[in-house]
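Engineer: Numbering (the UniProt record's numbering), first residue to last: 1 to 594.
Beta carbons are placed, not taken as given, at the ideal position from N, Cα and C, and that holds for glycine.
All of these numbers come straight from a predicted model, not from anything done at the bench.
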Amino acid sequence: MKQKPTFLWFAPYLGLNVDYMLDVLSLLGAILSFAGFVSQKFCIAPVFAGLWSLYYSLYQIGQTFMLFQWDVLLLEVGFLCIFVAPLWYAYRGNPSDDVTLWAVRWLLFRLLFSSGVVKLTAGCPVWWKLDALNIHFESQCIPTALAWYAHHLPTWLLRLSTVAINVIELAIPFLFFFPNRKVRIIAFYLQVFLQICTIATGNYNFFNFLMICLCISLLDDQFFYKRKSKNNKSRIRNYLSTLITILVYGGVMYGTYIYYGLKIIDNWTIESNITFTQEEFGYILYHVVAFSIYIGLVSFALTLVPMIISIFYTKEMHKLTDKLTATLLALVYVLSIACIFAISIVPHSSLSKTFNSTMINHLTPLTRLHSKVDHLHITNRYGLFSRMTGIDGRPEIVIEGSDNIEGPWKEYEFLYKPGNVNNSLPFVAPHQPRLDWQMWFAALGTYQQNPWLMSLAYRLLTGQPEVLALMNTVENPFRDRPPKYVRASLYHYHYTSWSQTSNTRAWWTRERIGEYFPTFSQNHSPLIEFLTKTMKILQEKPSFKVTNEPLKLILDNLRSLVSKVEPSLILWSVFTAGCAIIITGYSNSVSKKK
Numbered sequence: 001m002k003q004k005p006t007f008l009w010f011a012p013y014l015g016l017n018v019d020y021m022l023d024v025l026s027l028l029g030a031i032l033s034f035a036g037f038v039s040q041k042f043c044i045a046p047v048f049a050g051l052w053s054l055y056y057s058l059y060q061i062g063q064t065f066m067l068f069q070w071d072v073l074l075l076e077v078g079f080l081c082i083f084v085a086p087l088w089y090a091y092r093g094n095p096s097d098d099v100t101l102w103a104v105r106w107l108l109f110r111l112l113f114s115s116g117v118v119k120l121t122a123g124c125p126v127w128w129k130l131d132a133l134n135i136h137f138e139s140q141c142i143p144t145a146l147a148w149y150a151h152h153l154p155t156w157l158l159r160l161s162t163v164a165i166n167v168i169e170l171a172i173p174f175l176f177f178f179p180n181r182k183v184r185i186i187a188f189y190l191q192v193f194l195q196i197c198t199i200a201t202g203n204y205n206f207f208n209f210l211m212i213c214l215c216i217s218l219l220d221d222q223f224f225y226k227r228k229s230k231n232n233k234s235r236i237r238n239y240l241s242t243l244i245t246i247l248v249y250g251g252v253m254y255g256t257y258i259y260y261g262l263k264i265i266d267n268w269t270i271e272s273n274i275t276f277t278q279e280e281f282g283y284i285l286y287h288v289v290a291f292s293i294y295i296g297l298v299s300f301a302l303t304l305v306p307m308i309i310s311i312f313y314t315k316e317m318h319k320l321t322d323k324l325t326a327t328l329l330a331l332v333y334v335l336s337i338a339c340i341f342a343i344s345i346v347p348h349s350s351l352s353k354t355f356n357s358t359m360i361n362h363l364t365p366l367t368r369l370h371s372k373v374d375h376l377h378i379t380n381r382y383g384l385f386s387r388m389t390g391i392d393g394r395p396e397i398v399i400e401g402s403d404n405i406e407g408p409w410k411e412y413e414f415l416y417k418p419g420n421v422n423n424s425l426p427f428v429a430p431h432q433p434r435l436d437w438q439m440w441f442a443a444l445g446t447y448q449q450n451p452w453l454m455s456l457a458y459r460l461l462t463g464q465p466e467v468l469a470l471m472n473t474v475e476n477p478f479r480d481r482p483p484k485y486v487r488a489s490l491y492h493y494h495y496t497s498w499s500q501t502s503n504t505r506a507w508w509t510r511e512r513i514g515e516y517f518p519t520f521s522q523n524h525s526p527l528i529e530f531l532t533k534t535m536k537i538l539q540e541k542p543s544f545k546v547t548n549e550p551l552k553l554i555l556d557n558l559r560s561l562v563s564k565v566e567p568s569l570i571l572w573s574v575f576t577a578g579c580a581i582i583i584t585g586y587s588n589s590v591s592k593k594k
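1. DSSP puts residue 490 in a beta bridge; with which residues?
2. Judging by CA-CA distance, which residue of 15, 403, 241 is the nearest neighbour of residue 551?
3. Which first and last residues belong to the alpha helix (DSSP H) in which residue 109 is found?
4. Counting pairs of Cβ atoms below 8 angstroms between the stretch 528 to 541 and the stretch 425 to 440, do you hit three or more?
5. Under the rule that 16 or more other beta-carbon atoms within 10 Å means buried, what is residue 10, buried or exposed?
6. The alpha helix (DSSP H) spanning residue 125 covers which residue range?
7. Whose CA, out of 91, 503, 117, 12, lies closest to the CA of residue 351?
8. What residue range does the alpha helix (DSSP H) around residue 310 cover?
9. Please list the segments of the alpha helix (DSSP H) lying wholly inside the stretch 549 to 588, counting only runs of 4 or more residues, in order along the chain.
10. Could you check the C-alpha separation between residue 304 and residue 96 for me, to the nearest Å?
11. If you draw a straight line from the C-alpha of residue 252 to the C-alpha of residue 168, how long is it?
12. Using DSSP with H/G/I as helix, E/B as strand and the rest coil, what is residue 495?
13. Quickly, what does DSSP pair residue 254 with across the bridge? List them, please.
14. For the pair the stretch 253 to 266 and the stretch 144 to 155, tell me if three or more CB-CB distances fall below 8 angstroms.
15. Compute the beta-carbon to beta-carbon distance between residue 18 and residue 32, rounded to the nearest angstrom, for a pair I have assumed lies under 8 angstroms.
16. By the DSSP assignment, the alpha helix (DSSP H) with residue 436 in it spans what residues?
17. Name the residue from 21, 81, 363, 90 whose alpha carbon lies nearest to the alpha carbon of residue 40.
18. Please determine, among 278, 557, 311, the residue with the shortest C-alpha to C-alpha distance to residue 129.
19. Is it buried or exposed for residue 346, if we count other Cβ within 10 angstroms and need 16 for buried?
20. Which residue's Cα is closest to the Cα of residue 488: 497, 349, 520?
21. When the Cβ atoms of the stretch 241 to 255 are set against those of the stretch 203 to 213, are three or more pairs found closer than 8 angstroms?
22. With a threshold of 16 other CB atoms inside 10 Å of the CB of residue 56, please say whether the residue is buried or exposed.
23. Under the assumption that residue 595 contacts residue 492 (Cβ atoms under 8 angstroms), give the Cβ distance between them as a whole number of angstroms.
24. Using the beta-carbon count (16 or more within 10 Å), is residue 266 buried or exposed?
25. If contacts are defined as beta-carbon pairs under 8 angstroms, then residue 433 and residue 460 qualify, I think. What distance do you get, rounded to the angstrom?
26. Pull up the DSSP beta-bridge partners for residue 508, would you.
27. Which class does residue 340 belong to by DSSP, given the choice of helix, strand or coil?
28. Residue 343 to residue 336, Cα distance in whole Å?
29. Just mark residue 579 as buried or exposed, buried being the case when its beta carbon has 16 or more other beta carbons within 10 Å.
30. Look up residue 402 in the DSSP assignment and say whether it is helix, strand or coil.
31. Quick check on this structure: which residue in 443, 178, 412 has the alpha carbon closest to the alpha carbon of residue 476?
32. Find the nearest neighbour of residue 535 within the set 490, 458, 511, 470, judged by alpha-carbon distance.
33. Measure the C-alpha to C-alpha separation of residue 441 and residue 387 and round it to an integer number of angstroms.
34. Smallest Cα separation from residue 110: which of 296, 286, 187?
35. How would you write the range of the alpha helix (DSSP H) that residue 223 sits in, first residue to last?
36. What's the gap between the Cα of residue 28 and the Cα of residue 522?
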C-alpha cells in the first residue's frame, strides 16, 4: 500500500486504521454520488475528480477482488466525467462540450466493438458455431430466474440471438459516428435493448447500467426537447433522413443475411451459420481496425469545426476577453481529449495482432505514453466472454465443514452463487457480491491458482466474523462454533429440464466431479506455513491503534445497521429515495413559477 498512491495514507492523521479508512472513503464516495444524483449543483468537475480519486484509492488495494473490467471501465468513465462536467454550477458551458462528449462516444465504440471482436478472435468453437447462448444462461456467474427460462428457449432462437449480439457489437458501433441522428438513435435503442436483456438474465452489477448511461452520448438535445417545424424544407430533410436510415439499416440486415447464412426452413424457423472463416475474419479485422481509427480521427476533427465557429463567430462572445478565455479553456480540453484518444489507440489496435505487429514502429511513441499512464486506467482494453465456459456443466466449488475427519460433512451456503439445488435464482444487480464472483472464477481453475481460497478456508476454521458475514449466516451449519476440518469439492451444475418443473422445486441438478482442495484443520502445518510465508497474512504486523473513538463508533454502528439489510435492497432504496427527491424538487420549482 505504501508504494501505491491512495487516500488510505491519511488514515493515521484521522486516528483510524486502514479498515476504518476504507469505510470512510466508501461513505464519502456514496454521499458525493447521491448528492450528484439528486442535485445538478454537485455535477461539476471537482466533484467528479473527487469521486475518481476515491474509487482509484479503493482500486489500488482491491487486488484480486477488484480486477474486473467494470472496475477499470468505471475509472475510465469517471476520468472522462471530469472533462464532460461543467467547472462549476450555473456554468454556461464551453464550446468544447461537444468534443468532451465525443470522447464518451469513442469509449462506447471501443468497449462494444472490443466485446464483439474478442468473441471471434479467441477462436472459441462455441461462438463460431453460434451455440454460445445455449451455454451462457446456465454457465454465467450469478444467473437470474429469467435466465432459467431463457436457457430453455428453442435452439434456433438462441442461435439467432447470438447472431444479433454479434451484429450489435461488431457492426452497429460504427454507426455511432454516422452523420444522421436517426441512424444514431436507432443504434442507441439497439444497444439499450441488449443491455436490458443482459440485466434481466444476468447479475452483472453496475456494468450494464453504466453502459446505458454511456449510450446517452448517441443522443442530442432534440431527442429530449423536441422542436416542431412546419417548414417544407424541414419536412423534406426529415423524409431524406428517414430514407437514409432505412437504406443504412437495410444494408446491415442484408450483410447479416449474407455473412450469417440466414434462411427460413420448412418448419418456419430461421437457420443461421457463420459463412466466413477465422482467417477471413482476421484479414477483415486488420482493415477494420485501421478504418475505425481513421473514423475516430475524422469524427474528432469534424467535432472541432462547430467549436471553432462558436468561439469566433457567435454573438455571445463579442468581447475579446471572453473569446480569449473560451479559446484557452477549449484548447486545454481539446488537447486533453486528443491525448486520451491517442493513448486509446494502443489498446484498440491490439484487437488485431496483424495490425498491431505491422504498425508497431509507428505506435512506439504512443505505446510509451500509454505505459506511463497505464496505472491510472485512463484507457483500457475490453472484451468480455471471449471463451465460453461450462460446456460440460457449470463448475461450482462446494465448501464443507465437519467436526470429525470421517464426517458427516455439512455444506457452507453462499448468499448468491448456486449451492443448494433448491435455492431460487436471485436478482442482485447493481450490487456485486465479489466473494461469490471470485468463487465462480476459482472453479474454472485450481486452488493453487487462487491462493486467496486458502485464506478463506483458514478464516472458516477460525470462525472469522467478518468473513462469515459475506456468506449465508442463516444457513451456516456451524453458527455456534467453527468446524475442526474443512474441505472443498468440485461439482458440475445443470439447470433442471423443462419437463422436471412440475415434479420438483429444484432449479439445478448437480454431479460431484472430485476434490477441489484437500481437508484442512486449523493447525494444519502446510496451510499455516503457506499463509505465513507465502501470503504473509498470519505474520505479526505493526497495527495502528484507532484513537478517533467517536468516528470509530459511528462507523461501527453504520456497518452494523447496513449489514442487516440485503445489499441490493439498500441500493434500490437509495435510488428510489433519490428519484423521490428529484420529483419533489421539480414539482416545487414548477409550482413557484406558476
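Structural biologist: Reading from the atomic positions:
1. 397, 514
2. 15
3. 97 to 121
4. no
5. exposed
6. 125 to 128
7. 117
8. 278 to 312
9. 549 to 562
10. 8 angstroms
11. 10 angstroms
12. strand
13. Paired residues: none, contrary to the question.
14. no
15. Not a contact, Cβ separation roughly 21 angstroms.
16. 434 to 443
17. 90
18. 278
19. buried
20. 520
21. no
22. buried
23. No answer is possible for residue 595: the residues shown for the chain start at 1 and end at 594.
24. exposed
25. Wrong, their Cβ atoms sit about 17 angstroms apart, outside the cutoff.
26. 495
27. helix
28. 11 angstroms
29. exposed
30. strand
31. 412
32. 458
33. 13 angstroms
34. 296
35. 221 to 224
36. 38 angstroms
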